[in-house]
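Numbering (the working numbering), first residue to last: 1 to 621. Think of the CB as a built atom: it goes at the ideal place given N, C-alpha and C, for glycine as much as any other residue. Predicted model only: the values in this text are computed from it and were never measured. As C-alpha cells, the structure follows; a few thoughts come after it.
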Amino acid sequence: MKRVLTSLLLLVVVVVTLVPHTNTASVKPAKAQDESLLIWADATRTPPLTELAAQFTEEYGIEVTVQEVAMGEIRAQLPVAGAVGTGPDIIIAAHDWIGELVLNGAVVPINLGDKADLYTEASKKLFTYNGELYGVPYAVENVAFFRNPELVPDAPATFDDVKAITEELVSSGQSSYGFMMRDEDAYHSYPIISAFGGYVFGLDENGNYNPGDVGLDSEGALAAASWIQEMAAAGYFVPEMNYDQIHTLFETGEAAMFITGPWALPRIRESGVPYAISDIPAGPAGPGQPFIGGQGFMISAFSENQLLAEAFLLDFMTAEEPMKAMYDADPRPPAFIPLLETLNDPDLVAFQQAGLAGVPQPSIPEMTSVWGSWQTALQLTIRQEQDGPVAFTEASAQIRELIANAGVPTGGETTGEGGEIVGLPGTFQAQLGCANDWAPECENTLMAVGEDDGVWAASFELQPGDYEYKVALNGTWDENYGAGAIPGGDNIKFSLAEATTVVFLYDPVSHWVTDSVNSLIVTAPGSYQAALGCPGDWAPDCLLSWLQDADADGIYEMTTDKLPAGDYEVKAAINQTWEVNYGADAARDGANIPFNVPADNTPVTFSFDSTTNVLTVTVGS
C-alpha cells in the first residue's frame, strides 16, 4: 500500500468507489504534472540520494531520478536548463549560492511550517535571504584548528603562541614545519584575519552584510597580513603548497598544525596520525572566527512540480533515516536536530565548539567579487612578491571596483587599438537610454576592452523581463555574432525575475559572447599564465586562460602555443575565483595538475568536462 504525502493534501482527490455491500472512500494523491521529480546532486551526494529516491518511489509510487552534476555546474546551469524546461526540480546547493540564484529568479522560498523547530537556528539563518528561507538545510560546516598532540600537547591560545610553537618545533628539529597554510586559499585564511580584527564585509543597521563596507584593508586585516608575511619570511609557509601536500605533511608528522574542516576527517582518520581538534586561536581582536557554511536542498523556480518537491523535502527527507544517510556519505555536523542529538562523535563536537565563534560566510552576490583579489593578495604576501599590507590594500581597492561594476573592472576603453567598437544591441537598450532597441550604434550599450586580456565586457542593471541580444561590431549590423559564436547567429535569450546586474563578455578571437545569467566562466589558473600575458601566475580571474564552450556541449576548451618549453602546473577554477576549483582526479581543491611543454610554442589544449570536473591537458597537435 502506497503512503500519502501529508504536504500534498491540497492536491488530494477523494475517489468514491461503490463495492457490493460496502461504501468505501479511497484517498490518493492527485497527479502533479507527470508525477515525477528530478534532483541534481554532486558526486558525493548522488549515491545516498539515489537509494533514498528508490525508497521514496517504493513508498509513494512517485518516480524520483537523481542526476549527477558537478557542484559548480549546478549553480551555473540551473537558470539555463530551467528556462528551456530541462532542469531539475530540486538541487543540492551551498548556502552562499542563494543571493545569485534569487537574483536570477532560479529558486523559490520554502516554508518549513511545523518542521522548522527540527533544524538548528544557525542552519536556517544560512539559507535565509532578504527575510525568506530558500533551502532545507541538512549540514553545516566550519573549519577548526588541527594539531598533532605528540608535537603540540596543548592547544595554542593565540596566534602568537602558534608562531612561537612553530619556531620551537623547527629550530629543535622536532618537525620540518610547524603551522602550515596554503597561499592559494583565502577561505582558510579568514580565521587569522578575523582574529586580528579584519573582516570581509561590515554589517548594516539591520545586521546584514554591507557590500559598501569592505574590510580587507582595515587596520585589523593589515595587521593579519603582517603576521602572515612574518611567517612566510621566516620560511614557515611554503609557496604553492597545495591541499594534498599539506595533508601529507601533517599525516607524516612533518607539519604539526593547520586549519581545515570536517571534510578532512576521513583522510586524517585513515592515516592513523594522532590529532586533536580545538578552537581557532585568538588574536588582538579576540578568537578567530571561521566562516560558517551549509549545504541543503533548494527548489527550482522553473519546476512544474514545486508542491511535490516541497513534499519530498518536508515529508520524506525531514526525518532521521534520510538525514543519517546523507551524513554517512559525507560526515559534517547535521542541521537536523534529532540526528545531531544521536551522534556521539567528539570530533564533530569539537567542530561545533569552534563554530560558536564563527560568522556566516556571506551569501550576498557581491561576495563573488571578493575571492579572486583576496586570493591574489595572499599569494603575493606568502610568496614575498609584495609587502603584505600593500597587497591587501590594493586587493580591497580592486574588490570595491568590481562590486561597483558587478564583477567587471572599470577603466576599459570602449574603442579598441584598431578603432573598433563592440555594441550589445538587444531588447534591453531602450531602458538603458538608447533611442530604441536593436540599435548597434548606441553608445550606452558599448562594451569596454580589457587592458590585459583583450576580452570585451559590460555590465548593466536590467529590470525583470525576458530579453534577447547579440554582439555587433563598429556600430552596424555588417558584422554581428549570436548564439554559438555564429556570424549572424540566433539571438541570445535570458530572463530575469527581478532587477539584476547582468555581466556580458565577448571574445574577439573566438567571437563567443555570453552573459552571467546563461553561462559558467571556467579558467585554468596555473604557473604558465604570465607567459600568456596575465599580470601573474595562478590568477583565476585572468581571461587569457578562459576556457570556452561555444557549442554548449559542457566541454570548455582553450588552446595556446605561447608557452616556452618547461614544466608547469594547472587547475580549473569556476567563475574567476578560487571558491570552486578542481585539480588532479577531478578533486575539489585537489592537487595541481602537472604538464610538460617539450619545445617552445608547442600547442597545449586545456579541456574541462563540466559533468565530471576533469581537467585534461593535451600537449602537441
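Proximal residues to A377 (C-beta, below 6 angstroms), its chain only, five neighbours per side dropped: A391, F392 and A395
Alpha carbon to alpha carbon, how far is P535 from P525? Give it in angstroms, no decimals. 12 angstroms
Cβ neighbour criterion (16 or more within 10 Å) applied to T22: Reliability of the predicted coordinates at T22 is poor, the pLDDT of 37 falling under 50, and the value obtained from them is presented with this limitation in mind. Label assigned to T22: exposed.
Supposed contact pair D589 and G293 - C-beta distance, whole angstroms, cut 8 angstroms: Going by Cβ atoms, the distance from G293 to D589 rounds to 14 angstroms, so no, they are not a contact pair.
Could you give the first and the last residue of the continuous alpha helix (DSSP H) run that contains V238? Here V238 belongs to no alpha helix (DSSP H), and DSSP marks it neither H nor E.
Quick one: measure Cβ to Cβ for A157 and P281, integer angstroms, because I've assumed they're closer than 8 angstroms. 6 angstroms
Cβ of M257 within 9 angstroms of Cβ of N148? yes
Taking 8 angstroms as the threshold, find out whether the segment 211-226 comes into contact with the segment 133-151 through three or more Cβ pairs. no
Just the Cα atoms here: how many angstroms apart are A666 and G488? Residue 666 falls outside the range modelled here, since the chain spans only 1 to 621, and no answer is possible.
If V570 sits next to N596, beta carbons under 8 angstroms apart, how far is it from one beta carbon to the other, in whole angstroms? About 12 angstroms; that fails the 8 angstroms criterion.
Is it buried or exposed, A164, if we count other Cβ atoms within 10 angstroms and call 16 or more buried? exposed
Is the beta carbon of Q548 sitting closer than 9 angstroms to the one on W512? yes
To which residues of the same chain is V19 closer than 7 angstroms at the C-beta, ignoring the five residues directly before and after it? Its pLDDT being 38, under 50, V19 is placed unreliably in this model, and the value from its coordinates should be taken loosely. Counting only Cβ-Cβ distances below 7 angstroms, and skipping sequence neighbours, we find nothing.
Report the option in I299, A539 and A319 whose CA atom is closest to the CA atom of V108. I299
Using the Cα positions of Y568 and G212, report the straight-line distance between them to the nearest angstrom. 39 angstroms
Measuring CB atoms only, is the segment 332-346 touching the segment 365-382, in the sense that at least three cross pairs come out at less than 8 angstroms? no
Have a look at Q289, D541 and S175 and flag the residue whose alpha-carbon is nearest the alpha-carbon of G253. S175
Does D89 pass the burial test, meaning 16 or more other C-beta atoms within 10 Å, or should it be called exposed? buried
CB contact flag (L314, K115, <9 angstroms): yes
Name the two residues that bound the continuous alpha helix (DSSP H) containing I555. Element bounds for I555: not the alpha helix (DSSP H) but the beta strand (DSSP E), I555 to T560.
In the segment 109-192, which residue ranges form an unbroken alpha helix (DSSP H) of at least 4 residues, counting only runs that do not cross its ends? 121-126 and 159-172
What is the C-beta distance between L424 and A458, in whole angstroms, given that I count them as a contact (C-beta under 8 angstroms)? 6 angstroms
If you reduce the DSSP assignment to three classes, tell me which class P29 lands in. Low per-residue confidence applies at P29: pLDDT is 37, beneath 50, and the placement is therefore not dependable enough to give any value.
If you reduce the DSSP assignment to three classes, tell me which class D466 lands in. strand
Taking the alpha-carbon of F460 as reference, which of L496, Y481 and D490 has the nearest alpha-carbon? L496
Give me the residue from R45, G61 and F56 with the minimum Cα distance to E68. R45
Hey, how far is the Cα of V273 from the Cα of H247? 11 angstroms
Starting from I98, trace the alpha helix (DSSP H) both ways and give me its first and last residue. I98 to L103
N111 versus T86, P137, I421 and N436, residue with shortest Cα-Cα distance: P137
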